[in-house]
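Residue numbers (this note's numbering): 5 to 44. So the structure is just underneath, and the comments pick up after that.
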Amino acid sequence: MNITERIMAMPRFLKLPFLIFFFYEIWHYPSLLALFSFIF
5 MNITERIMAM PRFLKLPFLI FFFYEIWHYP SLLALFSFIF
């Protein structure tokens, strides 16, 4: 199961804050995108 499927499987009230945090971190720290792709 990849990261997108994990996010989509979350309840909406958990998904929204996670997505906001996820994209905020990627916006400010592009190197984290490589880190996430390495982990998942």
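For glycine and all other residues, C-beta sits at the position ideal for the given N, C-alpha and C.
Asked, Found
"CA-to-CA distance, S41 to L23, given in whole angstroms", "16 Å"
"DSSP state of M14 mapped onto helix, strand, coil", "coil"
"Nearest-angstrom beta carbon gap, K19 and I7 [assumed within contact, 8 Å]", "In fact, because the Cβ distance is near 12 Å, the residues do not count as touching under 8 Å."
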